[in-house]
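Trainee:
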Amino acid sequence: MTAVTAGATLAEPDVAAFRTAMGRFPTGVTLLTQGSGDDTIVMTLNSLTSVSLDPMLILVSVKASGRMRPRISDAGSFAVNVLTEAQLDLAVAFCKPDRPEGSAAMLRLGAREGVTGNAVLPAAETYVECVLDAEYTAGDHTLLIGRVVALSGGSSHPDPLLFHQGKFGRLPAAEPQGAAA
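Take the sequence shown: its position 46, counting from 1, is numbered 46 in full-length UniProt numbering, and each next residue is one higher.
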């Protein structure tokens with residue numbers, strides 16, 4: 001294993017060094033869903049990127065050999081639910097290999113069926129429903145491009161769940177409007 005010190009540059013980084021470096025980029029935490037009712041599958045995901053406004057496209061990255069990719073490929077749709085800090089327990093529950101599926105997952109999430117037929121969380125910070133627009137193989141992952149067909153905005157007081165350096169976190173509390181600088 002290669003030790004990495006502050007300011008060091010590695011000509012040939014190893015997997016651990018790469019994971020550490022990427023962990024320095026804070027991300028939001030989401031639940032990726034496919035299906036609803038007895039056919040629901042869910043996974044915790046922090047690889048979500050806005051791609052285009054015209055047309056509205058997002059990108060998620062999933063393990064090519066995982067359960068989620070073939071389900072999304074076959075169904076042609078998915079939903080991404082952006083979690084709030086109060087939903088940390090859901091992020092933890094759905095990142096495990098033995099995570100709930102089917103109706104048990106729907107119940108645990110407090111989910112309902114969205115317009116695409118995928119589970120959405122009304123209590124999420126926001127959710128985005130997509131039809132699959134394209135898939136690209138990228139190493140051991142598949143990049144799924146979704147065309148946004150429905151979405152729900154969050155509250156006026158955002159409190160998204162974050163992931164940074166291997167730990168869940170939160171944004172600092174916002175100062176009240178009109179506070180002196």
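Virtual Cβ for every residue (Gly too), placed ideally from N, Cα, C.
Decide if the region 116–127 is in contact with the region 53–71; the criterion is three or more beta carbon pairs, one per stretch, under 8 Å apart.
Mentor: They do not touch, by the three-pair rule.
Trainee: Report the residue from SER103, GLU101, ALA105 and CYS130 whose alpha carbon sits nearest the alpha carbon of SER50.
Mentor: Along the sequence shown, one-based indexing puts residue 50 at 50. Among SER103, GLU101, ALA105 and CYS130, the Cα nearest to that of SER50 belongs to CYS130.
Trainee: Given that a residue counts as buried once 16 or more other Cβ atoms are within 10 Å of its Cβ, and exposed if not, what is ALA134?
Mentor: Translated into the one-based positions of the sequence shown, residue 134 becomes position 134. Exposed is the call here.
Trainee: So ALA75 and GLN34 are in contact, right, with Cβ under 8 Å, and what is the actual spacing, rounded?
Mentor: On the sequence shown, position 75 is the one that residue 75 refers to. On the sequence shown, position 34 is the one that residue 34 refers to. Confirmed, Cβ separation roughly 6 Å.
Trainee: Within a Cβ cutoff of 6 Å, which residues of the same chain sit near VAL148, ignoring the five residues on either side of it in sequence?
Mentor: For the purposes of this step, residue 148 is taken as the residue at position 148 of the sequence shown. Result list for VAL148: MET56, VAL128 and CYS130, in chain order.
Trainee: I need the DSSP call for GLU12, collapsed to helix, strand or coil.
Mentor: Here residue 12 corresponds to residue number 12 of the sequence shown, with the count starting at 1. It is coil, neither helix nor strand.
Trainee: Between the alpha carbons of VAL42 and MET68, how many angstroms are there, rounded?
Mentor: The residue labelled residue 42 in the question sits at position 42 within the sequence shown. The residue labelled residue 68 in the question sits at position 68 within the sequence shown. The alpha-carbon atoms of VAL42 and MET68 are separated by roughly 8 Å.
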